[in-house]
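Protein chains: 2
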Amino acid sequence: MSGFEPVGSDIKWQGKIITAGVASYRYPDGRLVTRDKVWHPGAVGILAVDAEQVWLTRQPREVAGMTDSLEIPAGKLDVPGEPPLQCAQRELVEEIGMHADSWSELSGFYSSAGFSDERVWLYLARDLSAAEGGAQPEEGERIEIVPWPTDRLDEAISECQDAKSLIALLWLTAELTRGTL
Amino acid sequence: MSGFEPVGSDIKWQGKIITAGVASYRYPDGRLVTRDKVWHPGAVGILAVDAEQVWLTRQPREVAGMTDSLEIPAGKLDVPGEPPLQCAQRELVEEIGMHADSWSELSGFYSSAGFSDERVWLYLARDLSAAEGGAQPEEGERIEIVPWPTDRLDEAISECQDAKSLIALLWLTAELTRGTL
Numbered sequence: 011m012s013g014f015e016p017v018g019s020d021i022k023w024q025g026k027i028i029t030a031g032v033a034s035y036r037y038p039d040g041r042l043v044t045r046d047k048v049w050h051p052g053a054v055g056i057l058a059v060d061a062e063q064v065w066l067t068r069q070p071r072e073v074a075g076m077t078d079s080l081e082i083p084a085g086k087l088d089v090p091g092e093p094p095l096q097c098a099q100r101e102l103v104e105e106i107g108m109h110a111d112s113w114s115e116l117s118g119f120y121s122s123a124g125f126s127d128e129r130v131w132l133y134l135a136r137d138l139s140a141a142e143g144g145a146q147p148e149e150g151e152r153i154e155i156v157p158w159p160t161d162r163l164d165e166a167i168s169e170c171q172d173a174k175s176l177i178a179l180l181w182l183t184a185e186l187t188r189g190t191l
Numbered sequence: 011m012s013g014f015e016p017v018g019s020d021i022k023w024q025g026k027i028i029t030a031g032v033a034s035y036r037y038p039d040g041r042l043v044t045r046d047k048v049w050h051p052g053a054v055g056i057l058a059v060d061a062e063q064v065w066l067t068r069q070p071r072e073v074a075g076m077t078d079s080l081e082i083p084a085g086k087l088d089v090p091g092e093p094p095l096q097c098a099q100r101e102l103v104e105e106i107g108m109h110a111d112s113w114s115e116l117s118g119f120y121s122s123a124g125f126s127d128e129r130v131w132l133y134l135a136r137d138l139s140a141a142e143g144g145a146q147p148e149e150g151e152r153i154e155i156v157p158w159p160t161d162r163l164d165e166a167i168s169e170c171q172d173a174k175s176l177i178a179l180l181w182l183t184a185e186l187t188r189g190t191l
């Protein structure tokens, strides 16, 4: 399979977070394809694990119709120039009021590669401690902090309907089952 | 945490596949929130497994900049009224030329719950057999069929950058490790 070159974008709408329009690509054989495209700044997700629990959140996800989506802590790359790891460290404090001394990158993936360039950086955060001042939700954020026992991970996976969080929790299940974490 | 009511949508652009705009929601305390929103018809993904391999594909994902994304077979719910399971059965034939006698729903999730209503239905397909006529790619689709040995799943997970496929492959890893599949 051969590569393609981007040959142009026709921006149709710029929202607060996303930009939508049509992008065109040319293949070496001359074929031109056009795709609906959503540009997104990218996001981070954090799998924060201590000896007995993984730190989850519940929050409304209005556009998906969920009143209390069970998720890992996460956030958008909405500070210009901020590297993903730094964003993850900031979000862990803001959303659940924790610092972590140990960070490693677990995975990087595209949420919906067919129409969006949103990439998610997923981190494992360990050696947790309470941050001074606790959680600092942004104005209007309605985030509940949910410490979840790691011996009941299957129940979290059954309830969870958020892609990045499922990836993190399934990864954790596999590692715990193998005894490699 | 209390629920919210949708109170209106302002469509800004209608593409071939997606629709983009702003949606508003009202909380019981009177607070109004507006969100960038991408409406999407939804999609299916298929984890097709036989005794020794899982059936994967490689295909370009232009908007995400990937020339050969390693994925499970998948497709959009782009036939009006077609139920997700029927779409999955059709896509398995079209993309990899296989029928399955055994189907079960593994999971349902939102790709990017913060800005899109795209829901993915994930199925486990077993008891596979070759479909008459083989794979039937749509015009212009460039899909390579990749049978992947299940004893080398970790390598597929390392390479894969597609959310729905990671969920399926991590689920399979956990089941195989536990000996429950």
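Listed in order, the protein sequences are those of chains A and B.
Numbering-wise (my numbering), the first sequence opens with residue 11 and increments by one.
Numbering-wise (my numbering), the second sequence opens with residue 11 and increments by one.
Backbone N, C-alpha and C fix where the C-beta goes; we use that ideal spot for every residue, glycine too.
Just so we're clear, the structure is a prediction, and the values are computed from it rather than from any experiment.
Return the chain-ordered list of same chain residues with a C-beta closer than 6 Å to the C-beta of B:T44, the five sequence neighbours on each side being excluded. V32 and S34
If you compare alpha carbons, which of B:G189, B:G13, B:P51 and B:I21 is closest to A:F125? B:P51
Cβ-based neighbour list, B:P83, same chain, cut-off 7 Å, excluding 5 preceding and 5 following: I56, A58, W65, T67, E101, L102, E105 and I106
What three-state label does DSSP hand A:E142 in the structure shown? coil
Can you tell me where the beta strand (DSSP E) with B:Q63 in it begins and where it stops? Q63 to R71
Under the three-state DSSP convention, the category B:R45 falls into: strand
Contact list for B:L176 against chain A, beta-carbon separation under 9 Å: S117, F119, A173, L176, I177, L180 and W181
Tell me which same chain residues have a C-beta within less than 7 Å of the C-beta of A:W49, skipping the five on either side of it? I28, T29 and D127
Give the secondary structure of A:A152 by DSSP, where H, G and I count as helix, E and B as strand, and everything else as coil. As written in the sequence, residue 152 of chain A is Arg, which differs from the Ala given in the question. Here A:R152 sits in coil by DSSP.
A:G144 to A:M108, Cα distance in whole Å? 7 Å
Looking only at C-alpha atoms, which of B:E92, B:Q171, B:K47 and B:P90 sits nearest to B:D78? B:Q171
Do A:K47 and B:W23 have their C-beta atoms closer together than 9 Å? no
How would you call A:Q69, buried or exposed, if buried means at least 16 neighbouring beta carbons within 10 angstroms? buried
How many angstroms separate the CA atom of A:M11 from the CA atom of A:L116? Annotation note: pLDDT 47 at A:M11 (below 50); position unreliable, coordinate value reported separately. Distance between the alpha carbons of A:M11 and A:L116 is about 28 Å.
Could you compute how far the alpha carbon of B:M62 sits from the alpha carbon of B:A110? First, the residue type needs correcting, since residue 62 of chain B is Glu and not Met in the sequence shown. Distance between the alpha carbons of B:E62 and B:A110: 15 Å.
Contact list for the stretch 50-83 of chain A against chain B, Cβ threshold 9 Å: H50, A53, R68, Q69, P70, R71, E72, V73, A74, G75, M76, T77, D78, S79 and E81
Could you tell me whether the Cβ of B:I155 comes closer than 9 Å to any Cβ of chain A? no
Name the residues in the stretch 91-113 of chain A whose C-beta lies less than 8 Å from a C-beta of chain B; which are they? none
Using a threshold of 9 Å, state whether the C-beta atoms of A:S121 and A:L134 are closer than that. no
Give a yes or no on whether the minimum CB-CB distance between A:A30 and chain B is below 9 Å. yes
Starting from A:E128, trace the alpha helix (DSSP H) in both directions and tell me its first and last residue. It is not in any alpha helix (DSSP H) - A:E128 carries neither H nor E in the DSSP assignment.
Report the neighbours of A:D46 on chain B: residues whose CB is nearer than 7 Å to its CB, in chain order. G25, K26, I27 and I28
Note down the Cα distance separating B:T183 from B:L163, rounded to an integer number of angstroms. 7 Å
Exposed or buried, which one is B:S112 when buried takes at least 16 other CB atoms within 10 Å? exposed
Give the interface partners of A:D127 over in chain C, defined as CB-CB distance under 8 Å, in chain order. Within the model displayed, chain C is absent; protein chains A and B are what it includes.
I believe A:E169 touches A:L80 by the beta-carbon criterion, under 8 Å. Please report the beta-carbon distance rounded to the nearest angstrom. 5 Å
In terms of residue numbering, what span does the alpha helix (DSSP H) encompassing B:P93 cover? First-last for B:P93: undefined, no H or E at that position.
Check each candidate in A:T160, A:L132 and A:I155 and name the one with the smallest Cα separation from A:A140. A:I155
Which residues in chain B sit within 7 Å of A:R188, going by Cβ to Cβ distance? T187
Quick check on B:L179: does DSSP put it in helix, strand or coil? helix
Less than 8 Å between C-beta atoms, sequence neighbours within five positions excluded: which residues of the same chain meet that for A:E92? R100
From A:G189 to A:W158, what does the alpha carbon distance come to, in whole angstroms? 19 Å
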